[in-house]
Amino acid sequence: MHMKKYSFFTGTVFFLAFFLLFPKQANAWFSVCNRSNKQVELAFGYWNSVDNRETFADSIGGSWLSEGWWKLKPGQCTQVYPHELWRRNRYYYVYARSTDGRSVWSGNHSFCVASSVFTILNLGGNCYRLDTSPNTNFPNSRIERFQQVDIGGGRVQNFTYNLR
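Position 59 (the sequence shown) corresponds to 60 in this note's numbering; numbering is contiguous.
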C-alpha cells in the first residue's frame with residue numbers, strides 16, 4: 002500500500018512537471034466569418050510591428066500592411082491573422098465586398114488593395130510592393146476604406162469578426 006501512494010505521487014509530479022516544462026503552444030488568431038447570404042471577397046489591414054526593416058527599408062520600427070483576397074461563401078469562416086493579437090495591436094481593419102458588387106463592408110480608414118491576391122506596404126498614402134524597396138509601387142493598386150475593428154484591451158488571444 003505504501004508503494005501505491007509513492008507511485009501515484011511520483012506519477013502526478015512527473016505529469017505536472019511535463020506540462021509546466023512543455024506547455025501547449027497557445028493558438029491565437031483573427032478570424033472573419035461571412036454571416037451574410039452572399040459570397041464575399043475580404044481584405045485585411047494591420048500594423049506590422051515585427052522588425053522587418055530589411056524588407057521594408059523603413060526606420061520606423063513597423064509598417065501598415067494590407068492583404069487580400071480571401072473568398073468566403075455564406076457561413077464560411079477564415080483565419081486572416083495567425084498571431085497573438087494582444088501583443089501586437091488593439092485595432093485591425095477589414096474591407097469586404099460581395100462578388101455580385103451589391104454589398105460592401107467598409108469604414109473610414111484608407112488601405113491599399115489590388116485586383117488580384119496581394120500583400121501591400123501602405124506608407125504615406127502610397128501602395129508599395131513588399132518584396133522590393135519601398136520605392137516600387139504595387140501594380141494595379143487602389144485605396145479602399147476599411148472598417149476599424151477594436152478587439153478591446155486585455156489579453157485577447159482570438160477574435161472573430163462577423164460580416165452581416
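We put the beta carbon where it would ideally sit given N, CA and C, even for glycine. Just so you know, these numbers come straight off a predicted model, no measurement behind them.
Q.
DSSP has K72 in a bridge; who is on the other side?
A. DSSP lists E42 as partners of K72.
Q. Excluding five sequence neighbours on each side, which residues of the same chain lie with their C-beta closer than 6 Å to the C-beta of W71?
A. Cβ contact annotation for W71 (same chain, cutoff 6 Å, sequence separation greater than five): L43 and T79, in chain order.
Q | Minimum length 3: unbroken beta strand (DSSP E) runs contained in the segment 100–138 | A | Within the segment 100–138, the complete beta strand (DSSP E) segments at least 3 residues long are 110–115, 119–124 and 127–130, listed from N- to C-terminus.
Q. Under a three-way DSSP split, which group does N90 fall into?
A. In the three-state reduction of the DSSP assignment, N90 falls in the coil class.
Q: Could you check what DSSP says for R156 in three-state terms: helix, strand or coil?
A: If DSSP states are grouped into helix, strand and coil, R156 belongs with coil.
Q: May I ask you to report which of helix, strand or coil DSSP gives S67?
A: Three-state DSSP puts S67 in a strand.
Q) Which whole-angstrom value is the C-beta distance of S50 and R91, which I expect to be below 8 Å? A) Contact doesn't hold; Cβ gap of about 12 Å is too wide.
**Q.** V150 and Y94 closer than 8 Å at C-beta
**A.** Against a cut-off of 8 Å, the Cβ pair of Y94 and V150 comes out as a contact.
Q) Does the beta-carbon of G102 have 16 or more other beta-carbons within 10 angstroms, so that it is buried, or is it exposed? A) Burial call: exposed.
Q) Can you tell me the Cα-Cα spacing of A27 and W87, whole angstroms? A) Unreliable placement is indicated for A27, whose pLDDT of 49 sits below 50; the coordinate value is still reported in the next sentence. Going by the C-alpha atoms only, they are around 13 Å apart.
Q: Go through its chain and collect everything with a Cβ distance to V105's Cβ below 6 Å, but skip five positions before and after it.
A: Counting only Cβ-Cβ distances below 6 Å, and skipping sequence neighbours, we find R98.
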